[in-house]
DNA sequence: GGGCCGATTGACAGCGCTACCAAACGTAGC
DNA sequence: GCTACGTTTGGTAGCGCTGTCAATCGGCCC
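Residue numbers (this note's numbering), protein chains in the order written: chain S, 9 to 351; chain F, 9 to 351.
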């Protein structure tokens, strides 16, 4: 005796096929590769689908085809505004494509990342976007074993798992600090928070630029593992000033810290840039508005997201981009906080 | 003749069952409702699964069970930092649960929202979180027809589709403006951007408070449909000043605008709060850091995300929360920008 | 007209899991 | 010991779609 199963009222592909007068498989093809149908049938199926309001069952499709149309995105933080912009680029560029973005938060933990990677692996995603180049050995093996394209974003490195879109944090920091040096600054402080791998590389860039000019002094470097915040910028400046009162400028590893530093200067009546010059990193929108306007290193975060998805989708669909590694560069944006000596 | 299908090497439930010496269906039960198994078998299945590194195939599960463990989230913007905090709360609270968050961006369009809702409907999500209470008629019907719990977030209204977590934007704005009035301000400007439904309600709150004090003047209200930005705050203040040079304070519908207003005042040498007092909205982290520190209305965005998911999951699992509508309130945070007359 | 080839179309089976019911297994009461 | 009842376990079928290969069709050349 046949057991009754709750029959969902939703329209199946078979119904569409019946209405269109074709076989189910032909209807199926219409949704995956319309070009393969003769114009007549194509139109018939299209009309039938529209008439019935057919929506494919993705679970069934995934089960039958052994793959999904999900692009997994592993991002270390939702608090850090930088990733907002990246995500926005990712979502914008994926819109209109057949792919669905599924993003997860690694919380700056490579072990969490590994765990999530394992989860994704089981889901057989169409592609993967991962942040950075510092993965665990196991994660790297996992990624190499997955037969889907992968883009590493945010930075560049010598051994891409597959593809890469980023820029050199080292070079960017080097350029920012060099600018300060050119402006005649000698006691350039470094203020860093969170200290994730990319921030570490900015520190290396700072160190290299300072050493090259024979200006490096460990006392000028102040870092903390605390998550970044505007308020923290003020606190860190206070700490740095008590340790090295003679600083004449500060390189902040992001704009929130830079803004906090500016506010702390205002609070203490320290002229910016007269007494202390400030450079931030990322060039968030508010940097141009501040008084004085704040110099920063513009990074192409939105474009990074866009480019990563675009490359990924091309690769998924068999059109691998010529260049597997894309350097989106950076731009030093010089504003009043490092030039005008007006205050 | 049997057609060969690419046999994926991944371990299936059957393998686990075999190793554990139970039937597949028993193994299946272990993952969905371990309590139903006898302790002995439970352990056997658990060990077998661990040994084989079994990960369930979600597509097959979804197909067989006719439901997914996906929670859909419809958010109007990724640019607006407010939604960051909400999303963060959503992700944090869903972590550790079996549910996966799938979020989409409506771009402040109720038609885009309707389209996405339709998409979700086909996916049979376990639950849904939607922003606000202004949906199209079709969207509302769609939602009522879906047999999954739904939480509307960000604001409150008289007719919840199902559940609601938010606060009164009207009351919050009313409180902020009343505070300015109490401080003796009479020419209180209103600066608004984007003007989405929630911002509209803040405008209504402003209008009501001003009218109640007999201070309302249409010339004091400056709005634009442009997306919000710090720079925009400065521009809008400039516009407002040229239209109503006698304003003694400004209520900004968010903190970015408030910061822009502060910067513009600094640029023009206008003392804050001496000549112009400023109140923002949301109480972002930087408000406390600014010089002078900026008053604002604290809204519980992170908690809103958390609460929404928590209620949703409870409801999905059959434990409907007692209160279907949760008011998370707001708090007026008074700082120097509306009190200290020091500058 | 026949044969060949590429373009379309279709039949069949099965992806991995769970809903449904039935059977087996306790356990308590008489 | 037997029945009654609740608990645990298993068998069967099928969720809706697509991979694989075979069959059919149409056009073209000789």
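All C-beta atoms in this analysis are idealised placements derived from N, C-alpha and C, irrespective of residue type, glycine included.
Secondary structure of residue i, DSSP reduced to three states
i: residue 280 of chain S; result: coil
i: residue 112 of chain F; result: strand
i: residue 324 of chain F; result: helix
i: residue 238 of chain F; result: helix
i: residue 259 of chain F; result: strand
i: residue 341 of chain S; result: strand
i: residue 135 of chain S; result: strand
i: residue 287 of chain S; result: strand
i: residue 98 of chain F; result: helix
i: residue 297 of chain S; result: coil
i: residue 144 of chain S; result: coil
i: residue 275 of chain S; result: helix
i: residue 264 of chain F; result: helix
i: residue 155 of chain F; result: coil
i: residue 318 of chain F; result: helix
i: residue 251 of chain F; result: helix
i: residue 347 of chain F; result: coil
i: residue 11 of chain S; result: With a pLDDT of only 44 at residue 11 of chain S, under the threshold of 50, the placement of this residue in the model should not be trusted, and no figure is reported.
i: residue 309 of chain F; result: helix
Spatial neighbours of residue i in its chain, beta-carbon cut-off 7 Å, leaving aside the 5 residues before and after
i: residue 24 of chain F; result: 35, 53, 56, 57, 60 and 62
i: residue 240 of chain S; result: 201, 234, 265 and 268
i: residue 90 of chain S; result: 290 and 309
i: residue 106 of chain S; result: 77
i: residue 224 of chain S; result: 215 and 218
i: residue 206 of chain S; result: 140, 162, 163 and 177
i: residue 70 of chain F; result: 76
i: residue 318 of chain F; result: 101
i: residue 133 of chain F; result: 76, 78, 79, 80 and 156
i: residue 19 of chain S; result: 60, 61 and 62
i: residue 131 of chain S; result: 76 and 78
Under 8 Å from the C-beta of residue i: neighbouring residues of chain S
i: residue 238 of chain F; result: 293, 294 and 297
i: residue 92 of chain F; result: 86, 87, 89 and 92
Chain-ordered neighbours of residue i on chain S, where CB pairs are closer than 9 Å
i: residue 63 of chain F; result: 126, 127, 129, 130 and 131
i: residue 242 of chain F; result: 297
Within chain S, partners of residue i - CB distance below 7 Å
i: residue 271 of chain F; result: 297, 298 and 299
i: residue 2 of chain F; result: Residue 2 of chain F lies beyond the residue range present for chain F, which begins at 9 and ends at 351; the question has no answer from this structure.
i: residue 275 of chain F; result: 299
i: residue 99 of chain F; result: 86 and 113
i: residue 268 of chain F; result: 297
i: residue 70 of chain F; result: 67
Proximity test, residue i beta-carbon vs the ligand SAM heavy atom, cut-off 8 Å
i: residue 253 of chain S; result: For the ligand SAM, the structure offers nothing, since it holds no ligand at all.
Chain-order list of residues whose beta-carbon lies under 6 Å from that of residue i (same chain, five-residue window excluded)
i: residue 322 of chain F; result: 329
i: residue 170 of chain F; result: 157 and 158
i: residue 125 of chain F; result: 147 and 150
i: residue 209 of chain S; result: 177 and 178
i: residue 256 of chain S; result: 193 and 195
i: residue 204 of chain F; result: 116
i: residue 11 of chain S; result: Residue confidence is low: residue 11 of chain S scores 44 on pLDDT, short of 50, so the model does not pin down where it sits. No coordinate-derived value is stated.
i: residue 213 of chain S; result: 178, 181 and 182
i: residue 27 of chain S; result: 56
i: residue 189 of chain F; result: 221
Residues near residue i in its chain [Cβ-Cβ closer than 8 Å; skip 5 each side]
i: residue 384 of chain F; result: Because chain F is modelled from 9 through 351, residue 384 of chain F falls outside the range shown and cannot be assessed.
i: residue 227 of chain F; result: 251 and 252
i: residue 119 of chain S; result: 144
i: residue 45 of chain S; result: 34, 37, 38 and 53
i: residue 343 of chain F; result: 295, 296, 300, 301, 302, 303 and 304
Partners in chain F for residue i, counting only beta-carbon separations shorter than 7 Å
i: residue 110 of chain S; result: 110
i: residue 82 of chain S; result: Going along chain F, no residue has its Cβ under 7 Å from residue 82 of chain S, so there is no contact; the nearest lies around 13 Å.
i: residue 248 of chain S; result: Correct list: empty, because the minimum Cβ distance to chain F is about 16 Å.
Beta-carbon neighbours of residue i, restricted to chain F and to distances below 9 Å
i: residue 347 of chain S; result: Residues of chain F passing the Cβ test: none, with the nearest at roughly 17 Å.
Where residue i meets chain F, residues with beta-carbon distance less than 8 Å
i: residue 139 of chain S; result: Near residue 139 of chain S there are no residues of chain F at all, since even the closest Cβ is about 15 Å away, more than 8 Å.
i: residue 22 of chain S; result: Chain F residues near residue 22 of chain S: none, gap ~15 Å exceeds 8 Å.
i: residue 76 of chain S; result: 67
Inset, instruction - Determine which residues of the segment 32–54 of chain F have a Cβ less than 9 Å from any Cβ of chain S, and write them out in chain order. - result: Those residues of the segment 32–54 of chain F placed with their C-beta closer than 9 Å to a C-beta in chain S do not exist.
Inset, instruction - Could you please tell me which residues of the segment 281–296 of chain S, in chain order, have their CB closer than 7 Å to any CB of chain F? - result: Considering only beta carbons, the part of the segment 281–296 of chain S lying closer than 7 Å to chain F consists of 293, 294 and 296, in chain order.
Legend entry - Minimum length 4: unbroken alpha helix (DSSP H) runs contained in the segment 162–233 of chain S: Restricting attention to alpha helix (DSSP H) runs no shorter than 4 residues, the segment 162–233 of chain S encloses them at 177–190 and 205–220, ordered along the chain.
Inset, instruction - Would you list, in chain order, the members of the segment 304–323 of chain S that have their beta-carbon closer than 9 Å to a beta-carbon of chain F? - result: From the segment 304–323 of chain S, no residue has a Cβ closer than 9 Å to chain F.
Legend entry - 3 or more residues per run - each beta strand (DSSP E) lying fully within the segment 57–95 of chain S: Runs of the beta strand (DSSP E) inside the segment 57–95 of chain S: 78–83.
Inset, instruction - Anything in the segment 141–171 of chain S with a Cβ closer than 8 Å to a Cβ of chain F? List those residues in chain order, please. - result: So nothing in the stretch comes that close.
Inset, instruction - Could you pull out every unbroken beta strand (DSSP E) segment of at least 3 residues lying fully inside the segment 20–58 of chain F, listed in chain order? - result: With a minimum length of 3 residues, no continuous beta strand (DSSP E) run stays inside the segment 20–58 of chain F.
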